[in-house]
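Residue numbers are given in our numbering: position 8 of the sequence shown equals residue 131, and the series is strictly consecutive.
Note that beta-carbon positions come from the ideal geometry of N, C-alpha and C, so glycine has one too.
Below: one structure, written as structure tokens.
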Amino acid sequence: MGKRDLLVVGELNIDLILNQIQGFPELGSEKVAQKMDVVLGSSSAIFAANIATLGVDTAFCGKVGKDDFGQMVSETLDAQNVDTTFISATDQFQTGLTVVMNYDQDRANITYCGAMEALTMEDIPWDKADTFRHFHLSNYFLQKGIQKDITAIFKKAKSAGMTTSLDLQVDPDDQWDFDYKKCLPYVDIFLPNESELLSLTGKATVEEALSAVKPVANTVALKRGTKGGMVYDKSEVIQLEAFVNDQFVDAIGAGDSFNAGFISKFLEGADWEACLRKANLTGALNTTAAGGTGAFKSLAAVKERAKSQFNQKI
Ligand SMILES: Nc1ncnc2c1ncn2[C@@H]1O[C@H](COP(=O)(O)OP(=O)(O)O)[C@@H](O)[C@H]1O
Ligand SMILES: [Mg+2]
Numbered sequence: 124m125g126k127r128d129l130l131v132v133g134e135l136n137i138d139l140i141l142n143q144i145q146g147f148p149e150l151g152s153e154k155v156a157q158k159m160d161v162v163l164g165s166s167s168a169i170f171a172a173n174i175a176t177l178g179v180d181t182a183f184c185g186k187v188g189k190d191d192f193g194q195m196v197s198e199t200l201d202a203q204n205v206d207t208t209f210i211s212a213t214d215q216f217q218t219g220l221t222v223v224m225n226y227d228q229d230r231a232n233i234t235y236c237g238a239m240e241a242l243t244m245e246d247i248p249w250d251k252a253d254t255f256r257h258f259h260l261s262n263y264f265l266q267k268g269i270q271k272d273i274t275a276i277f278k279k280a281k282s283a284g285m286t287t288s289l290d291l292q293v294d295p296d297d298q299w300d301f302d303y304k305k306c307l308p309y310v311d312i313f314l315p316n317e318s319e320l321l322s323l324t325g326k327a328t329v330e331e332a333l334s335a336v337k338p339v340a341n342t343v344a345l346k347r348g349t350k351g352g353m354v355y356d357k358s359e360v361i362q363l364e365a366f367v368n369d370q371f372v373d374a375i376g377a378g379d380s381f382n383a384g385f386i387s388k389f390l391e392g393a394d395w396e397a398c399l400r401k402a403n404l405t406g407a408l409n410t411t412a413a414g415g416t417g418a419f420k421s422l423a424a425v426k427e428r429a430k431s432q433f434n435q436k437i
């Protein structure tokens with residue numbers, strides 16, 4: 124039997140989104156929101172759902188609580204064709220939740236990490252590791268239970284024969300306590316955005332930051348927002364502009380969708396330029412619909428929009 128494509132390890136939470144709110148929250152007063160949605164949140168889950176839509180056979184390893192939100196997380200991923208066999212439920216915490224208060228283009232978020240902090244290295248299905256081709260981990264700073272083992276995790280994933288990728292995402296505590304010199308040698312594709320790379324390295328410019336990580340990194344795929352993306356590996360630098368999106372809705376999950384495009388093309392055995400082109404396209408597509416998964420309802424819908432809006436084949 125052939126190997127399965129992808130094992131994702133990451134955080135899971137629900138987003139409770141409040142819209143059309145009377146004003147900013149104030150102690151001792153009550154504000155009314157005209158609209159509320161409860162949807163699947165978490166960048167790892169957006170990545171998994173969207174790469175599954177792109178046709179990649181994807182399994183997810185994560186932690187939820189034994190509650191209705193936990194059930195909703197698993198059911199939603201199931202419905203998006205993500206294998207949820209390795210999602211476990213803990214008694215210790217409730218399922219993670221982000222309350223999103225939307226004010227025009229900006230948002231105020233409050234996150235309860237909950238069960239996502241209880242995921243540890245031991246929860247990863249190592250006995251099945253050699254049945255997957257690729258390992259992706261996202262949102263390192265929110266997952267307290269895996270932080271001390273991050274290098275060991277990537278080392279073990281590599282020795283099980285998987286290729287690997289990592290998207291650290293933002294550190295809400297702004298400490299950036301990640302030993303990139305130790306860990307990145309075991310990461311085949313490192314996927315930061317520009318501001319994350321600057322914070323991680325403590326450098327003032329992207330050039331200096333890249334010089335700091337290059338000696339230890341394998342391939343860096345750098346997200347640059349509306350400027351598109353770049354790929355750096357030992358022997359080449361590739362830079363591609365973003366696809367111009369004149370129907371911008373929001374950028375929630377754009378980076379996760381960039382990752383989905385990049386890794387899906389990588390798994391086809393494509394070169395870095397083709398990976399980056401697809402990543403820029405799926406990142407741009409993400410911004411044409413609300414939320415992280417709105418533009419990824421089906422492969423047919425993705426293809427149709429890539430053609431109609433960007434005149435591209437996916
Ligand atoms: N307004 C936009 N128009 C077109 N493409 C975009 C836009 N915003 C983001 N993208 C694409 O999505 C990618 C990821 O977005 P970015 O904001 O850099 O990541 P993150 O969400 O991790 O901060 C970008 O590199 C780019 O390819
Ligand atoms: Mg990101």
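Just confirm the distance between the C-beta atoms of Gly351 and Ser380, as a whole number of angstroms; I'd bet it's less than 8 Å. So it is not a contact: roughly 14 Å between Cβ atoms.
Could you check how far apart the C-beta atoms of Thr405 and Val372 are, in whole angstroms? I think they sit under 8 Å. Not quite, the Cβ-Cβ distance comes to about 15 Å (not below 8 Å), so this is no contact.
Heavy atom of ligand 2 less than 8 Å from the Cβ of Asp379, yes or no? Under cutoff, so the answer is yes.
Can you tell which of Arg256, Thr221, Phe258, Trp299 has the C-alpha that lies nearest to the C-alpha of Gln270? Trp299
Using 8 Å as the cut-off, can you tell me whether the region 189 to 200 makes contact with the region 158 to 174, which would need three or more C-beta pairs spanning the two stretches below that distance? yes
Asn425 and Leu408 look like a contact to me (Cβ under 8 Å); what is the Cβ gap, rounded to whole Å? Looking at the sequence itself, residue 425 is Val, so the reference to Asn does not match. About 6 Å; that satisfies the 8 Å criterion.
Relative to ligand 1, is the shortest distance from any of its heavy atoms to the C-beta of Gly164 smaller than 8 Å? no
First and last residue of the uninterrupted alpha helix (DSSP H) at Ser380: 377 to 390
What does Arg400 pair with, by DSSP beta-bridge criteria? The partner list for Arg400 (beta bridge, DSSP) is empty, contrary to what the question assumes.
Determine the DSSP secondary structure at Leu265, reduced to helix, strand or coil. In this structure, Leu265 counts as helix in the three-state DSSP scheme.
Ligand 2 heavy atom lying under 8 Å from the CB of Asn403: no
For ligand 2, is there any heavy atom lying closer than 8 Å to the beta carbon of Gln266? no
From the beta carbon of Gln203, is the nearest beta carbon of chain C less than 9 Å away? The structure shown has no chain C; it contains just one protein chain.
The beta strand (DSSP E) with Ala344 in it runs from where to where? 342 to 346
Determine the closest residue to Arg127 out of Leu314, Phe255, Leu321, Glu319, with distance taken between C-alpha atoms. Phe255
Contained beta strand (DSSP E) runs [length at least 3] in the region 165 to 194, N- to C-terminal order: Entirely contained in the region 165 to 194, the beta strand (DSSP E) runs reaching 3 residues are, in chain order, 181 to 188.
Just to confirm, is the Cβ distance from Gly219 to Val187 under 9 Å? yes
For Ala374, collect the residues of the same chain with a Cβ closer than 8 Å to its Cβ; drop the 5 residues on either side in sequence, then sort them by chain order. Taken in chain order, the residues that qualify are Gly348, Asn409, Thr410.
Between Ala340 and ligand 1, is there a pair consisting of the residue's CB and a ligand heavy atom that are separated by less than 8 Å? no
Terminal residues of the beta strand (DSSP E) in which Tyr303 lies: Looking at the DSSP string, Tyr303 is not in any beta strand (DSSP E); the run it does join, the alpha helix (DSSP H), is 303 to 306.
Output the distance between the C-alpha atoms of Ile169 and Val155, rounded to the nearest integer angstrom. 29 Å
To the nearest angstrom, report how far apart Phe216 and Leu135 are at their CA atoms. Cα-Cα distance, rounded: 13 Å.
Taking a contact to mean a Cβ-Cβ separation below 9 Å, would you say Thr176 touches Phe419 in this structure? yes
Quick test of your reading: Glu319 and Val343, contact by CB under 8 Å. State the CB separation rounded to the nearest angstrom. Between Glu319 and Val343 the beta-carbon gap is near 11 Å, outside 8 Å, which marks them as no contact.
Range covered by the beta strand (DSSP E) that runs through Lys158: 156 to 163
Distance, Cα to Cα, Asp296 vs Gly125? One C-alpha to the other measures close to 42 Å.
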